[in-house]
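Residue numbers (the UniProt record's numbering): 2 to 251.
Comments concern the structure below.
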Ligand code: NAD
């Protein structure tokens, strides 16, 4: 079924991993997607893949660093002037980074980089595109990608855990503020998913992680994408401020 047929929107971090699979899944279900990534070449590859896989829909790559206010402004302007002539039906924020270090060795740069890319970007993107939805008086579904690490903590990831816990508090507050405009804000909380981000984890550590997961395996990015599809579609029309855990039971 085409769960998001004719809908238009933005996916950030869509050059790789979870964001790429979310863009692919939304496109397969009939959506047009503006494919955003800091890696221009990767964004282009995703946009080309979507165009190859789908006869209907518009798929354009847009290079932007989502931690920069001026680049968010340009992205918002491009979306409304060139891509869609209206506000997006959905915004999925999957761009994210890790800069792992033990707290006692962590640099301010490592801390600030992770907070800016993973959390400040969420503030700026939610704000920028909510403003557009209000201007166009159109409903909108925003999906922010958090992480189970924001709830559990993780060695070497004080910065990352802080950013991802921040995404939860931010999203719950934005959901309450924006509900009156029919803008829904929900979070997906992934567990451990096979992507380039988790490729760096040593084999032995991965084995240990898998043993702690009730479903006994890492997740596939499509399993996050299916949750994003649901949240972007009208099937979730009565959900806002929800935290959807997709963790294999963690
Ligand atoms: P990934 O590294 O495969 O993809 C992240 C993408 O974001 C990359 O294409 C990267 O170029 C892009 N990006 C990074 N900084 C950017 C910036 N400043 N502006 C624009 N784009 C930028 O990682 P992934 O595993 O697909 O992660 C996607 C999201 O899911 C992240 O927010 C991550 O924290 C979250 N997450 C991942 C896992 C996991 O196990 N893989 C678990 C929980 C949460």
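All C-beta atoms in this analysis are idealised placements derived from N, C-alpha and C, irrespective of residue type, glycine included.
Beta-bridge partners of residue 63, as assigned by DSSP:
37
Any idea if residue 153 is buried or exposed, counting beta-carbon neighbours within 10 angstroms, 16 or more meaning buried?
exposed
Could you give the distance in angstroms between the alpha-carbon of residue 163 and the alpha-carbon of residue 4?
34 angstroms
For residue 93, collect the residues of the same chain with a Cβ closer than 6 angstroms to its Cβ; drop the 5 residues on either side in sequence, then sort them by chain order.
12, 23, 144, 229
Can you give me the Cβ contacts of residue 156 inside the same chain, cut-off strictly under 7 angstroms, excluding the 5 residues immediately before and after it?
Taken in chain order, the list of residues that qualify is empty.
Is DSSP giving residue 103 helix, strand or coil here?
coil
Sort 54, 142, 19, 114 by Cα distance to residue 67 and report the nearest one.
114
Just checking my contact of residue 222 with residue 196 at CB under 8 angstroms: how many whole Å lie between their CB atoms?
6 angstroms
Could you tell me whether the Cβ atoms of residue 91 and residue 35 are closer together than 8 angstroms?
no
Jot down the residue ranges of each uninterrupted alpha helix (DSSP H) in the region 148-190, minimum 4 residues, whole runs only, in chain order.
150-153, 159-179
Can you give me the Cβ contacts of residue 26 inside the same chain, cut-off strictly under 6 angstroms, excluding the 5 residues immediately before and after it?
Answer for residue 26: 226, 230, listed in chain order.
Nearer than 7 angstroms: is that true of the beta carbon of residue 197 relative to any heavy atom of ligand 1?
yes
Can you determine whether any heavy atom of ligand 1 sits closer than 7 angstroms to the C-beta of residue 171, and answer yes or no?
No.
Look at the alpha carbon of residue 161 and the alpha carbon of residue 106, and state the distance between them as a whole number of angstroms.
15 angstroms
According to DSSP, what are the bridge partners of residue 141?
184
Under 8 angstroms, do residue 215 and residue 249 count as touching if we go by C-beta distance?
yes
Tell me where the beta strand (DSSP E) around residue 244 begins and ends.
Start and end: 244-247.
Is residue 134 closer than 8 angstroms to residue 88 when the C-beta atoms are compared?
yes
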